[in-house]
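Notes follow the structure.
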Amino acid sequence: MPPKTHNLVYLALQAGVQPEAEVGAFLVRLGEASVPTRYPDSIDRLQKEYTHEVAAGIVTQGKAALQWIKTQL
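Counting from -5, one number per residue, gives the positions in the sequence shown under my numbering.
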């Protein structure tokens, strides 16, 4: 059973997988984004920070990260 954490890099390392630099950087960025989007104190600020372009980039990078993860299993 994996540990309870939102730290994706930690989970990858616990699984014995060393993320490549680009994937690791994305996992860090995604982890940093998860807290304010889960507990929004100011939805207006979040909407300005996470524009359509930013969200689309996260989705694109997420798909690439998932592809990489699948190659590790």
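Where is the CB? At the ideal position from N, CA and C, for every residue including glycine.
Here's the rule: buried if 16 or more other CB atoms are within 10 angstroms of the residue's CB, otherwise exposed. What is residue i?
{"i": "leucine 60", "result": "exposed"}
{"i": "valine 48", "result": "exposed"}
{"i": "leucine 40", "result": "exposed"}
Could you tell me whether the Cβ atoms of residue i and residue j are closer together than 8 Å?
{"i": "alanine 6", "j": "proline -3", "result": "no"}
{"i": "isoleucine 52", "j": "leucine 24", "result": "yes"}
Tell me whether residue i sits in a helix, a strand or coil according to DSSP, three-state version.
{"i": "leucine 60", "result": "helix"}
{"i": "valine 11", "result": "coil"}
{"i": "leucine 21", "result": "helix"}
{"i": "aspartate 35", "result": "coil"}
Starting from residue i and walking both ways along the alpha helix (DSSP H), at which residues does that stretch end?
{"i": "tyrosine 44", "result": "Counting along the chain, tyrosine 44 falls outside any alpha helix (DSSP H), and DSSP gives it neither H nor E."}
{"i": "glutamine 8", "result": "2 to 8"}
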